[in-house]
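Protein chains in written order, with the numbering used here: chain A, 129 to 445; chain B, 327 to 921.
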Amino acid sequence: MRKTSALLAPLLLLATFAQARAALDEPIKPLPLALNPNPARAEIGRLLFSEVGLSANGKVSCASCHDVTKGGDDSRVHSIGFNGQPTAVNAPTVLNAALNFTQFWNGRAGSLETQINDVVQNSIEMGSKWTEVVATVARNEKYRASFAAAYEDGITKANIQNAIATYERTLITSNSRFDRYLRGERNALSDDEKTGYAKFKQYGCVACHQGVNVGGNMFQKFGVMGDYFARRGKLTEADLGRFLVTGEESDKHVFKVPGLRNVALTAPYFHDGTAATLDDAVEVMFEYQLGRVASKEDKAAIVLFLNTLTGEVVHTP
Amino acid sequence: MAGVAVVLISILAFLYAKTREHDASSYFENVALLRQLKQLDSRWELDVLKSRMGLNSNYDSLVDPLSDLNQLREEVHVVVASQKHFAVEALAKANSDFHGAVLEKTRLIEHFKSQNSILRNSLVFLPTAADDIQEAMKSGGEGDRVVLARAMASARKLLLDSMVYSQAPSDDKAAEIQMELEALETTKAKLPAAAAEGVGIFSAHVRTVLREQPVVNELLSRIAAVPVAARIDDLDSLLSNEQREYGSQAERYRWYLLAFATALAALFFYAAINLIRSHGVINRVNQELQRANSTLEQRVLERTDELHEAQTELVTTARRAGMAEIANNVLHNVGNVLNSVNISAGLIGSTLRDSKSPGLSNAIQLMNEHSADLGAFLTHDEKGRVLPRYLGKLVVVLATEQEIIVRELKSLTNSVDHIKDIVATQQSYAGVTSVIEAVRLPELLEDALRINATGLTRHQVTTVKEYSDVPELLLDKHLVLQILVNLIGNASQAMGSASGIPHRMTLRMDIAEFVDGRRLRIVVEDDGEGIAPQNLTRLFVHGFTTRSNGHGFGLHSCALAAREMGGTLAARSDGPGQGAVFTLELPVEIAKVLQ
C-alpha cells in the first residue's frame, strides 16, 4: 500500500489539478434524460402524491410539503404536519430525489419506498396507519380501476408505495443550463457562470457536492473546519443527524450531503433551514466546511453557477 | 402379483428420482451469483482506491454498486433460505457473516467518503494556503521582515512535511509537524493581521491533514481487511461441498439404481424364460387337446352310430314287442274263444255226422219200394207197421239235432263276434303304437323290393330306380314299408298275370316343396294289367279285390296307413292293359339326428 502510494504521489498532485482540464471527466455528471419508469404506475403515483387521504385527518398530502411547482419543497424553514405541528427538519426537495443514495437528512431510509412508508406513519408529518391508507384508497373507484390495470394484486401497501416512488422517479429535472454545458453546449453558460463553476471546484465545494446529483451520494459532518452548532446553539435531536441511526460517536452532526440541483428554488437551506438565501448558505459552507476565505466576487460567481443548476420538471401536474 | 409389480416399479421410480433429485444447474447459477458478487466487491474496493488516488472525480462509483450488491445479496439470501441444503445451519451462518461483512464495508466506505473529501480538500489547498500567506505578507507591508521570512520558511517547511507525511504517515513525522505547528502558532502572534489570518487558515488545514491522513489510511486498510471476499468464498466452498455431496449421493443412488435395474432385468429374463417355456407347454397341451378333441369327435360319431343302431334295434324290438303283445293278446283272447268255436264247430260237425237223417232217407226208400201198396205195407208189413212210430221218433230226434245245431251255431256266431271284437280292439291299439324314426328311403325301397323278390323274379320284372337325393327322413318306418311292400307286391302281381313277357316297374322317389311344407313322393309305376275305370273308385275300399285269392285288405290298410301318417295314397291308370301308377305322398321332416 505504501509503495504504491509513494509511486503514485506525483500522479495524485497532478490529478487533483487535472480536474479543471476538460468538460469530459467532470466531477458533476449530467442528469439522465429519463429513468423510464412505468407510465401507468407513474400516473397513479402522481394522483396519490396529491392525495390528502394518505394523512390521518385528510389534511396534508405529499405535495403539501414537497410542491413540485415550487422547486419540490415548501418555502418554510420547517414544514407543517397534519396536526399543524412543525416538522423537525427543513423539507428536502423531491426533485431528483430518486438519485440520492439514501433518503432523509440522516439517511435512515434506503429507498424512496421506505421514505414514503415512514412519512405516512410519522406522528408529526402524516400520522396515519397503512391499513387505513389502503382502505381509503380502495374506497375510490378510480383508484381501484387504475390499480387493477397497473398492478396484479390491486391496492396494497407495497403497490401504493411503489406507485408514488415510480412517480417520483419521473421527477428528473433534465436540461438545466449546466447540464447542457456538460453535454457539450459551450455557450449554455456565461463566462461568469463558468468562472463560478471553476471556483466551485477550486475551493473544494465539489469534494462533497459531486456526482450526478451534485451531492446526495455521501454523508459529511456539518462543521468540519469549525463547530457550526456551537455557534448556532439551540441543539435539537435532529441536529444529531446520523448518530440517531448508527449510534456511533463519530456520526454526531453527520448528515447526508444534499444535492444542489434546483438549489435556487429550494430556499431556505440546511437541515435547520437557517440560511435564507444562497449567499448565506455559501457563507456558512465556506466557514464551517471549507475553512477557507474567499473574496466576495468568488462567492458571487459560485452563486451564479449554482443558479445554472435549475432544470425542467418534465411531468407537470 | 400386481401388488409386487407396483412395489418394484415404485422402488425403481424412487431410485431414479433420487438420482435426478439435485438440479446441478441451480448450483452453477449460485456459483455465478457469488462470482458476480465477488467481482462487484473487488470493483468497489478498486473504486475506493481510485478515489483515494484521485482517479475518480466523484463518489457515484462508490454508491452505485450498493443497489446491485443489495440485490445480489437478496438473491443469495433466497438461495440459502429457500433451496434444499445439506448444511443448512452452516450456510445460514456463512450468509449472515457475509451480510455482516458487507454492512461493515459499507459503513467503512461511508466514513471513507466523508474523511477522504476533507483530507483531499485540505491537501490540495495547502500549497495555495502557503501562497496566500506569501501574498498576504507581501501586501501586508509592516512587520518584521525576518519574522515574516521565518514564518514563511516555517510554513513552507510545514507544507513539505505535510506532503511527505501524507505520503508516508509516521508518528515521528506527526510529532515533528505538531512541533512546527506550535512554533508557527507562536510566530503568528507577531504577524500582521492578514498574514496571521493566512497562517491560521494554513495551520488549520495542516492540522486537518494531520488528523485525517491516518484516519483515511486506517479506513483504507480496514476496508481492504473486511473479509467480504472471504465470506463469499466460504459460501462458495459450502455450496461446492454440498454439490459434491449431492454428486456422491447421486452417484450412490445411481449404483443402487444400476444394481436394482440389473436385478430387475435378471428377474425379467427369468420371467421371460419361464413365459417361453410355459408357452411351449401351452402349445403342446393345446395340440394334445386338439388331438383329443378330434379323437373325441370320432368317438362321439362312433357312439352316435352305435346309438343309432341301438335306437333302430330298440325301435324294431319295441315294434316286435308291440307286435308280440298284440299277437299274444290276440292269441290269448282269440285262442280262448277259438276253443269254444272249435267245440261248437266240432259238435255241430259230429251232430251232423251222426245225424239220424239218413234214417229218413231209408224210410223214404222203403216207402218208395212199397209205393204200389203203400197202405197195405203200412198196415200189414212188420216193418211197415213200425214206420209211423219210427218216423214219429225220428222227427223228435231230428228236432233235437236241429236244436243242438242251432244252439251251437249261435254260440259259434257269438264267438266269432267276440273274435271280431278282439281284433277290432287290437286294431284300435294298433293306431296308438306308431314309431317315428329316421329312415333312409333308398334302403327302405330295397327292403320292399327284397321282400317281393321271388314274385318280381318269377314275373320277370325289371326295376328302374329314379331316386333323387333325399336325406334321412323322420317316418314310421314299418308303416311305410308295409305300404311299399303292398304297392310293389300289387304291381308285381299286376304284371304277373301276363307272364312270359318281361315287364318293367319304375320306382321314383323325391321330395316336393309345397306351400304347406315338404312332402315325400314315392311313385310305383308298372306296365301290367292296369285298372278298369269302374274299379278306380273302389280300389281302396275294404275287402275290394280283383284277385281270386285276394282278401281286399291290402290297399285299404295302405290307404289307412297313409292317412294315419298325414299323407295320401293315390292311384291312376289309363285303363286295362295300360299299367298303373300309385303315388304315395307323405309330409316329412328331415331327420336331424346326432349331427
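The C-beta atom is built at its ideal place from N, Cα and C for all residues, glycine as well.
Note that the coordinates shown come from a computational prediction; the quantities given were computed from them, not determined experimentally.
CB-CB length for residue i against residue j, believed under 8 Å
i, j, result
"B:Asp386", "A:Gly387", "Their Cβ separation, rounded to whole angstroms, is 12 Å, which puts B:Asp386 and A:Gly387 out of contact at 8 Å."
"A:Trp233", "A:Gly369", "7 Å"
"B:Leu833", "B:Leu771", "6 Å"
"A:Leu434", "A:Val391", "5 Å"
"B:Ala896", "B:Thr909", "5 Å"
"B:Ile674", "B:Leu735", "7 Å"
"B:Gln441", "B:Val532", "Contact flag wrong, Cβ pair sits at about 16 Å."
"A:Leu299", "A:Phe306", "18 Å between Cβ atoms; not a contact."
"B:Asp852", "B:Ala820", "5 Å"
"A:Ala226", "A:Leu310", "So it is not a contact: roughly 19 Å between Cβ atoms."
Beta carbon of residue i nearer than 8 Å to that of residue j
i, j, result
"A:Ala429", "A:Gly332", "no"
"B:Ala555", "B:Ser368", "yes"
"B:Val552", "B:Glu430", "yes"
"B:Val914", "B:Leu800", "yes"
"B:Gly880", "B:Asn816", "yes"
"B:Leu946", "B:Leu583", "With chain B running from 327 to 921 in the structure shown, residue 946 of chain B is simply not present."
"B:Leu862", "B:Ser818", "no"
"A:Gly173", "A:Tyr295", "yes"
"A:Gly199", "A:Thr221", "yes"
"B:Ala456", "B:Thr513", "no"
"B:Gln637", "B:Glu839", "no"
"B:Asp836", "B:Val806", "no"
"B:Ala481", "B:Phe528", "yes"
"B:Leu664", "B:Ile731", "no"
"A:Asn211", "A:Gly255", "yes"
"B:Val404", "B:Leu565", "no"
Proximity test, Cβ basis, 8 Å: residue i and chain A
i, result
"B:Ser440", "yes"
"B:His531", "yes"
"B:Ala585", "no"
"B:Ile503", "no"
"B:Glu508", "no"
"B:Glu523", "yes"
"B:Ile335", "no"
"B:Glu436", "yes"
Coarse secondary structure for residue i, derived from DSSP in three states
i, result
"B:Arg834", "strand"
"A:Ala422", "coil"
"A:Ser378", "helix"
"B:Asp631", "helix"
"A:Asp181", "Going by the sequence as given, residue 181 of chain A is Gly instead of Asp. In the structure shown, A:Gly181 sits in a helix (DSSP, three-state: H, G or I)."
"A:Ala219", "coil"
"B:Glu415", "helix"
"A:Asp407", "helix"
"B:Gln362", "helix"
"B:Glu401", "helix"
"B:Tyr385", "coil"
"A:Gln231", "strand"
"B:Tyr582", "helix"
Chain B within 8 Å of residue i, Cβ atoms only
i, result
"A:Cys336", "yes"
"A:Gly339", "yes"
"A:Val382", "yes"
Contact with chain E by residue i, beta-carbon distance below 8 Å
i, result
"A:Glu154", "Although the question refers to chain E, the structure presented lacks it and instead comprises the protein chains A and B."
Problem set entry | Positions along the stretch 345-362 of chain A whose CB lies within less than 8 Å of some CB in chain B | Asn345, Met346, Phe347, Gln348, Lys349, Val352, Met353
For this session: Residues of the stretch 401-431 of chain A with a CB closer than 8 Å to any CB of chain B: list them in chain order, please.
Result: Answer in chain order: Leu418, Gly419, Arg420, Val421.
Problem set entry | Interfacial residues, the stretch 377-411 of chain B to chain A, with Cβ spacing under 7 Å | For the stretch 377-411 of chain B, the residues whose beta carbon sits under 7 Å from a beta carbon of chain A are, in order, Met379, Gly380, Leu381, Ser383, Asn384, Tyr385, Asp386, Val389, Leu392.
Exercise. When you check each C-beta in the stretch 444-468 of chain B against every C-beta of chain A, which residues fall closer than 7 Å?
Worked result: Ile444, Arg446, Asn447, Val450, Phe451
Exercise. Closer than 9 Å, Cβ to any Cβ of chain A: which residues of the stretch 536-566 of chain B, in chain order?
Worked result: Those would be Asn543, Leu546, Ser547, Ala550, in chain order.
Exercise. For the stretch 219-230 of chain A, which residues have a CB atom closer than 8 Å to at least one CB atom of chain B, in sequence order?
Worked result: Correct list: Phe229.
For this session: Give the residues from the stretch 154-174 of chain A that approach chain B closer than 8 Å (Cβ to any Cβ), ordered along the chain.
Result: Within the stretch 154-174 of chain A, those residues whose Cβ lies closer than 8 Å to any Cβ of chain B are, in chain order, Glu154, Pro155, Ile156, Lys157.
For this session: With 7 Å as the C-beta to C-beta threshold (strictly closer), list the residues of the stretch 318-336 of chain A near chain B in chain order.
Result: Gly332, Ala335, Cys336
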